[in-house]
Structures are given as structure tokens and as C-alpha cells.
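Some notes on the structure that comes next.
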Amino acid sequence: MTIKKVVLLGLLVGLVNFIAQMLISKIFGIIFPAVNAEYQNTNLFRAFNDPLMLLFFVYPFVQGIILAWFWNKTKNIFGENLKGGINFGITYWIVATIPGMFATYSSMPYSLAIVTSWLLGGLVSGILAGIIFARTLHIENK
């Protein structure tokens, strides 16, 4: 896969994961209204009108490009099919998200509800990324 394909595929995954994360955040905000208040707490998060907050919205795209690169390097290990894509996503979640959320919950004043939403969001994002990578590769090979 060329660098151009890695970047384009990563940007697609970033867009899909950005949308998925926003939906998960909204759902958790409906189920646990205190999560919405937590996001508004400027002792925990920058204010949304802070220019640096724009970088937060770049995160899924950077993550998507890195995951596309990593998929390109490991697709033979996971398998170049849907099951391999899902396994890739779950492996990413286990290696990166679970330890990160454990560290976040144990060392920062975030609620269990918000950390759980991030944990679930990481799982959904990883699996969606893996599915997109596997399906794109499948289409390329036809």
C-alpha cells in the first residue's frame, strides 16, 4: 500500500471514528446526564472556545492514519479478511485503550461513566477501523 493510500484510508477511518465517538458521547450523555456536566467542567477540560480545543478534533484523523500504517504492516498477521480486521481492532483496543483508560481512571478525576464511554468508544473505533481496512483490502484485491 502506498503512503498516499495509507493517508487516504487513515483519513476515512478518522472520519468514521469521529462520527462514532460523537454518537457514543451523545448516548452516554443521555444515559448519564452528569457526563455532559463533566465535559463542561473547565477544571477537567479546556473550554470549547479555546483555540487549542481544535486539536482535539484532529485526534481521530491522526489515529486513523497511524492505524492504517499499522494495518499495512500487520495485515498478514491478522488475516486480510473481515475476521482479521475485527481481530486487529480488538487487539488495538486491548493494547492501547485498556491501559490508557486504566491510567486515566486511576490518576485523574474523571468519573467511571466518562472513562467507560471512552473505553467503549475505543473498542468501537478499533473494530470499525479494522473492518474498513479489511473491506478496503478486499475491494482492492478484486
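Under this note's numbering, the residue at position 117 of the sequence shown is numbered 254, and the numbers go up by one with no gaps.
Each residue gets a CB set at the ideal place from its N, CA and C atoms; glycine is no exception.
Residue nearest to residue i in terms of C-alpha spacing, selected from the options
{"i": "V172", "options": "G151, T253, A266", "result": "T253"}
{"i": "L152", "options": "I167, L219, I231, I202", "result": "I202"}
{"i": "M159", "options": "F193, N186, T234", "result": "F193"}
{"i": "K163", "options": "W255, F270, T273", "result": "W255"}
{"i": "R272", "options": "S248, K212, G259, A174", "result": "K212"}
For residue i, the first and last residue of its enclosing alpha helix (DSSP H)
{"i": "E175", "result": "170–177"}
{"i": "V199", "result": "196–215"}
{"i": "A233", "result": "No alpha helix (DSSP H) holds A233; DSSP gives it neither H nor E."}
{"i": "Y229", "result": "219–229"}
Residue i vs residue j beta-carbon contact at 8 Å
{"i": "I161", "j": "L257", "result": "yes"}
{"i": "G263", "j": "Y229", "result": "yes"}
{"i": "N224", "j": "V143", "result": "no"}
{"i": "G226", "j": "A266", "result": "yes"}
{"i": "F198", "j": "L148", "result": "yes"}
{"i": "A157", "j": "V261", "result": "yes"}
{"i": "G222", "j": "F270", "result": "yes"}
{"i": "S248", "j": "E175", "result": "yes"}
Outcome for residue i when other beta-carbon atoms lying within 10 angstroms are tallied against a minimum of 16
{"i": "V150", "result": "buried"}
{"i": "M238", "result": "buried"}
{"i": "L191", "result": "exposed"}
{"i": "Q177", "result": "exposed"}
{"i": "N154", "result": "buried"}
Integer-rounded CB distance, given that residue j should sit under 8 Å from residue i
{"i": "L181", "j": "P246", "result": "7 Å"}
{"i": "F165", "j": "A240", "result": "F165 to A240, Cβ: 20 Å. No contact."}
{"i": "I268", "j": "L219", "result": "7 Å"}
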